[in-house]
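Given below as structure tokens:
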């Protein structure tokens with residue numbers, strides 16, 4: 018039988034995940050808790066989905082503006098887009114048959130087959146080891162949103178990839194903006210790291226987990242530029258969109274924990290950092 022989060026999982030180290038330290042966070046938590054009474058009859062999974070939809074919708078507006086700014090730089094050939102061709106030229110200068118093969122094998126981990134398999138295996142291991150439904154719920158929500166953002170972004174913007182003459186085979190033909198490998202790897206990795214951090218007692222272990230996750234996300238994006246499958250701006254957009262959506266999913270989960278805690282309290286003060294217990 019899978020369970021919800023325990024009280025011990027409401028923390029990352031000494032940080033209480035229901036402790037909203039910024040005024041904006043406290044206002045958001047107070048608003049959600051104040052409107053959660055009508056959802057009391059719903060299951061925890063339903064509540065997580067509702068909160069994710071609300072928070073994700075607000076973040077999506079901000080992400081649209083970020084994507085538009087990056088795309089403006091692409092079309093006007095200024096800003097960060099001015100680095101696209103020089104960065105690709107440098108990548109071409111560093112290539113060699115052995116390195117090209119190794120990077121191609123690595124980038125396949127973040128592809129449409131490799132990333133779902135990796136995410137599924139790690140998620141199921143967490144579910145089995147912890148007997149918890151939380152990893153399954155959060156990763157499914159994160160993956161669904163990531164896939165939708167990748168598909169929509171490519172369809173709306175439709176940017177061409179770098180010329181095949183400057184790319185390493187096997188070649189790819191789908192639109193280039195944003196980098197799906199980068200976006201999906203960013204979202205899934207950040208959510209998996211968040212799940213692991215709640216289970217690690219050692220500060221050293223938590224730091225190592227964050228560093229490894231960041232290195233994977235950064236190297237996955239850069240591998241796409243190195244192989245000539247994406248422009249640098251495609252990868253930057255993937256990082257920005259992925260981090261935004263992962264933050265929305267994590268915020269939704271923290272709101273779920275806050276609402277659950279508030280239900281067991283006799284008093285809630287929106288201006289306080291957490292519910293006070295009787």
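In the working numbering, the protein residues as written are 18 to 295. We put the beta carbon where it would ideally sit given N, CA and C, even for glycine.
A distance of 8 Å or more separates the beta carbons of residue 120 and residue 233. Considering only 208, 124, 204, 171, the residue with the shortest C-alpha distance to residue 193 is 171.
In the DSSP annotation of this structure, the continuous segment of the alpha helix (DSSP H) that includes residue 119 starts and ends at 114-124.
Excluding five sequence positions before and after residue 153, the CB atoms of its chain that fall closer than 7 Å to its own CB belong to 140, 144, given in chain order. Looking at the DSSP output, residue 33 sits in a beta bridge with 28. For the options 142, 113, 239, 136, the alpha carbon positioned closest to that of residue 101 is the one of 239.
Taking 8 Å as the cut-off, the Cβ atoms of residue 206 and residue 230 count as close.
The C-beta of residue 211 has 16 or more other C-beta atoms within 10 Å across all chains shown, which makes the residue buried.
Here residue 179 is buried, its C-beta having at least 16 other C-beta atoms within 10 Å. If only uninterrupted alpha helix (DSSP H) runs of at least 4 residues are considered, those enclosed by the stretch 211-270 are 220-243. Between residue 208 and residue 130, the C-beta spacing is not below 8 Å. For residue 146, the enclosing alpha helix (DSSP H) has its first and last residue at 131-147. Counting of Cβ neighbours within 10 angstroms places residue 195 among the buried residues, the total reaching 16 or more. If you draw a straight line from the Cα of residue 22 to the Cα of residue 149, it comes to about 7 Å. Around the beta-carbon of residue 250, 16 or more other beta-carbon atoms lie within 10 Å, marking it buried.
A residue is called buried when at least 16 other Cβ atoms come within 10 angstroms of its Cβ; residue 134 does not meet this threshold and is exposed. Between residue 43 and residue 34 a beta carbon distance of about 14 Å is seen, past the 8 Å cut, so the two are scored as non-contacting. Under the 10 Å beta carbon count, residue 118 is surrounded by fewer than 16 other beta carbons and is classified as exposed. Measuring C-alpha to C-alpha distances from residue 235 to each of 256, 189, 160 identifies 256 as the nearest.
If you check the CB distance, residue 189 and residue 105 do not come in under 8 Å.
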